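Numbering of the sequence shown is given in the UniProt record's numbering, commencing with residue 1 and proceeding in unit increments.
Even for Gly, the Cβ is constructed at its ideal location relative to N, Cα and C.
Note that the coordinates shown come from a computational prediction; the quantities given were computed from them, not determined experimentally.
Single-structure report; data block below.
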Amino acid sequence: MADLGGSSYDDTYAALTDETRVQILFALADQYDEAWSSGWLSFSQLRERVGVADTSRFSYHLDELQDELVRKIDGRYRPRVAALEIVSAIRAGTYDGEAVTVDRRQTEYQCPHCEQSLVITYQDHLLYVGCPDHGAAVAYPVPPRAVTGRTIEDVLALSLRKHACDVRLLRDGVCPHCWSTAGLSFPRESVPDSYLLDDVPYATAACDTCWLSYPIPVAHTVLGHPAVETLYADHGFGLADAQIGPHNLARVADVVCCTSDSPAVRLTIDLGDRPLVFELDESCAVLDYWRR
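Below, the structure is given as structure tokens:
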């Protein structure tokens, strides 16, 4: 297994403290598509792309990136995956200190407690959907680039689709952020007071390695399952309907905690005809499912 000690972190962070080094990573990332046919850049080609006239100065900065972020192979320079991820994060605005805020807008969905329209807004790199009086229904991390050239409604739709994909990965034991071991577990004893769905059973989504950890309604642990998507499509609903609004899985699913070890939970999702039934174990893995 790879060594994840602190010294490698220190070397990587130090390598990114100079603008020239960051521009080297940008130039290599921009070469990625052409590299399949024309290869990676030589020293002189890379220096010209970055626009540094002083050969010694450029060599120094390139050397600082080598091994951790850039590899030299047959006289040409190739970015490592970490370098490409850094470029993507920078261009997505993940590290941008300048706040991007989108004014609140009403959605077509209502708060289950007071029937006010849920509102959507974007601030501090988070997309929020919730009730002004009763808390959040959705709070997803979204980089500023996601809101560029898109309506806030489109960003919400993309966020909900991504969340369904994330839950699918968690059911398979994989963290959608760092690729480490992660999963879903049931039961969860408490949830934040600000959550709208305070009267439904919750599970926990958590990673063994990174920051990922949050409460999730047990009924939402089947998000992204093909049978769920088919059921909603059959009734003219989409992924947004499965996560917020009156047809939210947590609202239309009957959750029964079983006394035996297997299954641990039985979900019955009823949208009006032929309910969909899931049996889950204590890690929210799907043991069986069928339409009644």
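Identity of the residue in the options nearest residue i by Cα
i, options, result
"A164", "A242, E19 and P275", "A242"
"E48", "T20, D74 and Y32", "T20"
"V138", "A146, T151, S260 and T121", "T121"
"R291", "F237, L231, V255 and D254", "L231"
"P246", "L267, G272, C258 and P226", "G272"
"V255", "Y214, F278 and A35", "F278"
"G224", "Y214, L212, S213 and G238", "G238"
"F186", "R266, Y60 and V52", "R266"
"P275", "E282, L287, A227 and V286", "A227"
"G135", "T221, G173, V100 and V119", "V119"
"T221", "C114, L249, A233 and P132", "L249"
"D63", "L156, Y32 and F43", "F43"
"C175", "W211, Y140, V142 and V87", "W211"
"E153", "R104, Y60, Q23 and C114", "R104"
"V52", "W40, Q106 and I24", "I24"
Identity of the residues DSSP links to residue i by a beta bridge
i, result
"R21", "For R21, which the question treats as bridged, DSSP gives no partner whatsoever."
"A139", "Y128"
"P217", "Y202"
"Q123", "L126"
Classification of residue i by the beta-carbon crowding that lies within 10 angstroms, buried from 16 upward
i, result
"P79", "buried"
"Y128", "buried"
"L280", "buried"
"Y13", "exposed"
"V167", "buried"
"G130", "buried"
"I73", "exposed"
"Y60", "exposed"
**Message:** Quick check: the stretch 205-222 against the stretch 176-184, are at least 3 beta-carbon pairs closer than 8 Å?
**Reply:** Short answer: they touch.
**Item:** Start-end ranges of the beta strand (DSSP E) lying completely within the stretch 243-289, minimum 3 residues
**Value:** Runs found: 253-257, 265-269 and 276-280.
**Message:** Within 8 Å, do at least three Cβ pairs link the stretch 82-95 to the stretch 108-118?
**Reply:** The way I'd put it, the stretch 108-118 doesn't touch the stretch 82-95; fewer than three beta-carbon pairs between them come closer than 8 Å.
**Three or more C-beta pairs below 8 Å linking the stretch 151-166 and the stretch 184-193** = Flag = no, the stretch 151-166 and the stretch 184-193 do not touch.
**Every unbroken alpha helix (DSSP H) within the stretch 36-119, with a cutoff of 4 residues, ordered by chain** = Runs found: 43-50, 55-65 and 81-91.
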